[in-house]
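Using our numbering, you'd call the opening residue of the sequence shown number 11 and step up by one each time.
C-beta: ideal position from N, C-alpha, C; glycine also.
None of these values were measured; they are calculated from a predicted model.
Have a look at the structure below, then the notes.
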Amino acid sequence: MYMTRIKTPIALAVRRAFFAAAALALFPGSGSCAPAEPTCAPAGCNILVIVVDCLRADHLSLYGYGRKTSPNIDAFAGEAAVFTRAASQAPTTLLSFASIFTSREVSSHGVDGWDKALGDSALTLAGILKIYNYHTAAFVGGLNLNPLFGLDQGFGTYSQINRTDASFKDTLPAALQWAVEKAAKKEKFFLVAHGNDLHTPYVFPAPALYDRGYKVRSGLASLSGNEAMVFAAYKRKLRLGKTGQVVTLTGDETAHYVARYDEGINYADGLLGGFFSGLRAAKLLDDTIVVLTADHGEGLFDHDYFFHDFNLYEDTLRVPLVIRVPGLGRREISRRVQLIDLMPTLLDLAGIAPPEGAQGRSLKPLLAGQEPGPGFDRDIFSESGVGGKVIRSGKWKLIRYPGRTELYDLEKDPGELNDLAGTEKAVAADLEKKLAARLAADKKNQLGEPLPASGKFAADMKRDNAYQKKFYERIPSLVGLGSAAE
Ligand SMILES: [Zn+2]
11 MYMTRIKTPI ALAVRRAFFA AAALALFPGS GSCAPAEPTC APAGCNILVI VVDCLRADHL
71 SLYGYGRKTS PNIDAFAGEA AVFTRAASQA PTTLLSFASI FTSREVSSHG VDGWDKALGD
131 SALTLAGILK IYNYHTAAFV GGLNLNPLFG LDQGFGTYSQ INRTDASFKD TLPAALQWAV
191 EKAAKKEKFF LVAHGNDLHT PYVFPAPALY DRGYKVRSGL ASLSGNEAMV FAAYKRKLRL
251 GKTGQVVTLT GDETAHYVAR YDEGINYADG LLGGFFSGLR AAKLLDDTIV VLTADHGEGL
311 FDHDYFFHDF NLYEDTLRVP LVIRVPGLGR REISRRVQLI DLMPTLLDLA GIAPPEGAQG
371 RSLKPLLAGQ EPGPGFDRDI FSESGVGGKV IRSGKWKLIR YPGRTELYDL EKDPGELNDL
431 AGTEKAVAAD LEKKLAARLA ADKKNQLGEP LPASGKFAAD MKRDNAYQKK FYERIPSLVG
491 LGSAAE
């Protein structure tokens with residue numbers, strides 16, 4: 011394992027003494043209980059958030075995966091806090107980004123499909139930082155991040171590539187250049203960089219690092235034939251988007267897709283390595299808090315699904331979360347955290363209070379090796395745009411699909427293979443009650459507003475949203491597997 015765990019009492023004592031000394035050096039007279047602060051805090055740290063679309067945590071070598079998929083991310087994380095149990099609020103880009111940017115669950119920000127946009131009343135992370143004189147920019151790709159959905163709020167520069175296959179190759183050079191220009195003018199910045207390299211269809215160059223000569227039928231090798239709207243497969247059955255034909259994937263074919271996905275991680279990792287080098291060469295890492303995460307993961311046939319929007323297993327909801335804060339060093343943190351925690355954390359590090367209605371918690375104490383205050387460990391909620399809901403409470407995770415409920419003990423069964431909904435009925439009923447109460451509370455304070463009805467792109471996205479909901483309901487029958495309640 012690449013990381014060093016700081017777990018012996020002596021190491022902890024040394025670490026604590028170091029943090030206390032660092033805090034005293036920065037804030038003389040503030041007492042030995044002063045929290046550890048980033049070394050860039052007095053002048054104000056820049057903030058950079060990197061989002062790797064579709065990156066599930068357990069396929070990174072950083073998190074112990076068998077293939078060495080992410081050497082550059084692993085090295086970068088060697089100087090950072092690595093959260094081993096971070097949850098996304100949604101398995102869909104738009105929904106998840108809206109949560110990241112507002113620190114609200116999906117039912118609270120209200121953007122639960124491509125027929126919704128973030129309301130003008132939403133206080134976004136970029137919007138707040140802009141008020142505090144940060145220069146703000148986002149370099150992103152993919153249809154879900156079109157400005158039509160309101161996620162550009164608060165960004166002085168919002169560069170979006172309106173293609174599903176938008177790559178870090180397109181976004182990172184522009185992001186680096188922007189950051190270097192801001193730094194040269196001594197302008198404090200908040201920057202978001204996003205790449206869609208791991209999203210189907212896999213169009214990055216094919217070094218065939220992990221494909222061991224799997225036999226794949228022509229037309230299925232690249233998934234590009236399915237580009238139309240349907241990327242999803244269910245129970246190894248893939249319905250081709252253009253012809254509607256249903257094919258059953260062989261073991262070699264599913265192994266090929268997983269290998270391609272892993273090669274995509276390696277490809278994105280190489281681009282990120284160049285980006286990190288650029289940041290280091292420009293001496294930006296001394297003054298910049300850097301977050302690396304994913305909006306959601308990807309179903310890779312571990313359960314019934316290939317793809318993400320429909321899938322609420324940890325395959326799609328457990329995401330990498332790496333936070334590098336100058337001066338706070340490396341650390342591995344196993345507390346359950348979630349992506350809505352990012353906004354309060356980054357604001358806290360910048361000395362700014364979170365907005366009213368933010369549902370996440372600041373992770374700053376954890377980053378500094380301190381115990382967070384009482385009430386830190388809470389239930390964590392996730393939602394899909396097609397009707398699925400999740401609550402994690404302690405070791406339990408309940409998934410409620412339309413017409414079906416599953417319950418897992420994540421401690422004993424992290425792979426979610428043993429559904430206990432039928433045997434642990436009291437636990438399931440209790441979680442159902444908590445879930446219903448949370449959803450009702452979220453609905454009371456929604457920020458979502460309908461999209462403007464005009465424009466072809468808006469109309470296309472609305473049509474896709476309706477199509478996807480219908481598709482989800484019909485998945486089993488589409489692939490000849492009977493009803494959705496199976
Ligand atoms: Zn995404």
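Whole angstroms are fine: how far does the CA of Asp314 sit from the CA of Leu139?
Distance from the CA atom of Leu139 to the CA atom of Asp314, rounded to whole angstroms, is 41 Å.
Among Gly283, Phe214 and Leu70, which one has its Cα closest to the Cα of Thr174?
Phe214
Is it the case that the CB of Asp452 approaches a heavy atom of ligand 3 more closely than 6 Å?
Ligands in the displayed structure: ligand 1; ligand 3 is not one of them.
Note down, in chain order, each residue of its chain lying with its Cβ closer than 7 Å to the Cβ of Ala438, except the 5 sequence neighbours on either side.
Leu408, Thr415, Leu417 and Ala431
Residue interval of the beta strand (DSSP E) (run including Gln380)
Premise fails: Gln380 is in no beta strand (DSSP E) and is neither H nor E.
DSSP beta-bridge partners of Asn56
Thr298
Quick check: is any heavy atom of ligand 1 less than 6 Å from the C-beta of Asp319?
no
Ordered along the chain, which non-local residues of its own chain (more than five positions away) have a Cβ less than 7 Å from that of Arg117?
Correcting the residue type first, residue 117 is Ser in the shown sequence and not Arg. For Ser117, where only same-chain residues beyond five positions count, the Cβ hits under 7 Å are Glu393, Leu449, Asp452 and Lys453.
What are the start and end residues of each continuous alpha helix (DSSP H) run of 4 or more residues lying completely inside the segment 131 to 194, in chain order?
Here the runs fully enclosed are 135 to 141 and 178 to 194.
Inter-residue Cα distance where the pair is Ala269 and Gly309
Distance between the alpha carbons of Ala269 and Gly309 is about 13 Å.
Keeping to the same chain, check which residues put their C-beta closer than 6 Å to that of Arg484; ignore five residues upstream and five downstream.
none
Below 8 Å on the Cβ atoms is my contact criterion, and I expect Leu331 with Gly129 to pass it. Report the Cβ-Cβ distance as a whole number of Å.
Actually they do not touch by this definition, with Cβ atoms about 27 Å apart.
When the Cα of Asn156 is compared with those of Gly465, Lys435 and Gly54, which residue comes out closest?
Gly465
Kindly identify the DSSP beta-bridge partner or partners of Val329.
Ala96
Check whether the Cβ of Arg388 lies closer than 7 Å to any Cβ atom in chain C.
Any reference to chain C falls outside this structure, which holds one protein chain only.
Below 7 Å between beta carbons: does that hold for Ala97 and Gln380?
no
Give me the Cβ distance between Arg402 and Asp419, rounded to the nearest whole Å; I'm assuming they're in contact under 8 Å.
Not really, about 11 Å apart at Cβ, beyond 8 Å.
According to DSSP, simplified to helix, strand and coil, what is Ile390?
strand
For ligand 1, any of its heavy atoms closer than 6 Å to the Cβ of Asp3?
Because the chain is modelled from 11 through 496, residue 3 falls outside the range shown and cannot be assessed.
Is Thr103 close to ligand 1? I mean its beta-carbon at under 6 Å from any heavy atom of the ligand.
yes
Does the contact criterion of 3 or more C-beta pairs under 8 Å hold for the segment 344 to 363 versus the segment 63 to 74?
no
For Ala243, which of Leu259, Ser228 and Thr253 has the nearest alpha-carbon?
Leu259
Please state whether DSSP places Arg473 in a helix, a strand or coil.
helix
N- and C-terminal bounds of the beta strand (DSSP E) containing Ala218
Looking at the DSSP string, Ala218 is not in any beta strand (DSSP E), and its letter there is neither H nor E.
Would the segment 169 to 189 and the segment 80 to 91 be scored as touching if the rule is three or more Cβ pairs under 8 Å?
Because the criterion of three Cβ pairs below 8 Å is not met, the segment 169 to 189 and the segment 80 to 91 do not touch.
If I measure Cβ to Cβ from Trp124 and keep anything under 7 Å in the same chain, skipping five residues before and after, which residues do I get?
Leu104, Met471, Lys472, Asp474 and Asn475
Can you find at least 3 beta carbon pairs, one from the segment 161 to 170 and one from the segment 132 to 150, that sit closer than 8 Å?
Short answer: they touch.
At the level of alpha carbons, what is the spacing between Trp188 and Ala265?
CA-CA distance, Trp188 to Ala265, rounds to 39 Å.
Measuring from the CB of Asp305, is there a heavy atom of ligand 1 at a distance below 6 Å?
The nearest non-hydrogen atom of ligand 1 is less than 6 Å from the C-beta of Asp305.
Flag this pair as touching only if the segment 359 to 377 and the segment 101 to 115 have three or more C-beta atom pairs under 8 Å; answer yes or no.
yes
With respect to 6 Å, is the separation between the Cβ of Asp325 and the closest non-hydrogen atom of ligand 1 below this value?
no
For a test of your reading of the model: does the CB of Asp122 fall under 6 Å from any non-hydrogen atom of ligand 1? Yes or no.
no
So if DSSP puts Gln348 in a beta bridge, which residue, or which two residues, is it bridged to?
Ala97
Do Asp63 and ligand 1 come close, with the Cβ less than 6 Å from some heavy atom?
yes
Quick check on this structure: which residue in Phe199, Ser228, Arg77 and Glu324 has the alpha carbon closest to the alpha carbon of Tyr427?
In the sequence as displayed, the identity of residue 427 is Leu instead of Tyr. Looking at the Cα atoms, Glu324 is the closest of the given residues.
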